[in-house]
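Final position of the sequence shown in the numbering used here is 249; the numbers increase by one with none missing. For reference, the structure is listed below as structure tokens.
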Amino acid sequence: MTLVGEAPSGEDLLVVDGLTVRFGGLTALHDVRLSVGAGTVVGVIGPNGAGKTTLFNVVCGFVRPQSGRVLWRGEPLVRHRPEHLARLGIVRTLQGLGLFAGLTVLENVMAGAGRHARTGALPALVGAGRSARDESDLARRARETLGELGIADLADRLPGVLPYGVRKRVALARALVAEPDLLLLDEPASGLSAAELAELATLILSLRQRMAVVLVEHHMDLVMQVCDRVVVLNFGEVIAAGTPAEIQADPKVAEAYLGDPAEEAPGA
């Protein structure tokens, strides 16, 4: 991640350059800048309403900014559609799980592997025009990913009968099976037990070898444990950026969260 005011390096996968987003008279983001390099874990934190989800929505093409741009591998993402992101190597998990109730765990995960299907993402999702070779390859990839997350034995179950923490793993497996270059995690720790949270931290740390990760999260212990760099948003603006230790020591961050710069920073 590049600190505010620095020029992005040539190794950056994702660059957010001066994004401003307004909804009517409300400014959701103002001149937001950050970048994400290969193999890094970047946390985006801030109080409720700070603009974190809006930032993800701009990157994913759900929201058009009034000004600024998003670069992927040095090329502008212009009027891109969310369903095309996986083909580019960008995958996002949602705050809501977004699992298909009528599909098995395996089928849900296979739906995320459309990037690797010769027939494309949409046909891969519904099975239309998918060859037997595609079907076999996607199923293999899905089972391997479920195994990585320790839930391969649940492949034939429907997600609705599983505990919430397990369903979170299924949603994460659906993202990982695409083998993205950039994984956008939107509050992955919400609703998890302490043991599940520890497993999530271990997993995120292991992903550095395969992809970059941007993590929007309220759970400060997780952010401070797994992130290389952290960006802090407040009222749509970047108020701090740095290492976890630098963020913990920054009085502006404490003030944003607690309203008193003399108080201890979150997670400290």
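Every residue gets a Cβ at the ideal spot worked out from N, C-alpha and C, and that includes glycine.
Inset, instruction - Return yes when the Cβ of Val72 is within less than 8 Å of the Cβ of Leu164, no when it is not. - result: yes
Legend entry - Which of helix, strand or coil DSSP assigns to Glu198: coil
Inset, instruction - For Arg54, I'd like the list of residues in its chain whose CB is within less than 7 Å of its CB, leaving aside the five on either flank, ordered along the chain. - result: Leu(-6)
Inset, instruction - For the beta strand (DSSP E) containing Thr8, list its first residue and its last residue. - result: Leu7 to Gly18
Legend entry - Pro46, buried or exposed, once every other Cβ within 10 Å from all chains shown has been counted against 16: buried
Inset, instruction - Please determine, among Leu143, Asp115, Val86 and Val142, the residue with the shortest C-alpha to C-alpha distance to Thr126. - result: Val86
Inset, instruction - Measuring only between beta-carbons, confirm whether Asp12 sits less than 8 Å from chain D. - result: Absence of chain D from the displayed structure is noted, only one protein chain being present.
Inset, instruction - Report the option in Asn89, Leu119 and Arg68 whose CA atom is closest to the CA atom of Arg138. - result: Asn89
Legend entry - Cβ-based burial, Val13 [other Cβ within 10 Å; buried from 16]: buried
Inset, instruction - Any chance you could list the beta strand (DSSP E) runs of at least 3 consecutive residues sitting entirely within the segment 125 to 153, in chain order? - result: none
Inset, instruction - Go ahead and label Tyr238 buried or exposed: buried means 16 or more other beta carbons lie within 10 angstroms of its beta carbon, across all protein chains shown. - result: buried
Inset, instruction - State the Cα-Cα distance for the pair Ala221 and Leu173, rounded to the nearest angstrom. - result: 28 Å
Legend entry - For Phe4, the residue or residues it bridges with in DSSP: Leu7
Inset, instruction - Check whether the segment 204 to 212 touches the segment 15 to 24, taking contact to mean three or more Cβ pairs, one atom from each stretch, closer than 8 Å. - result: yes
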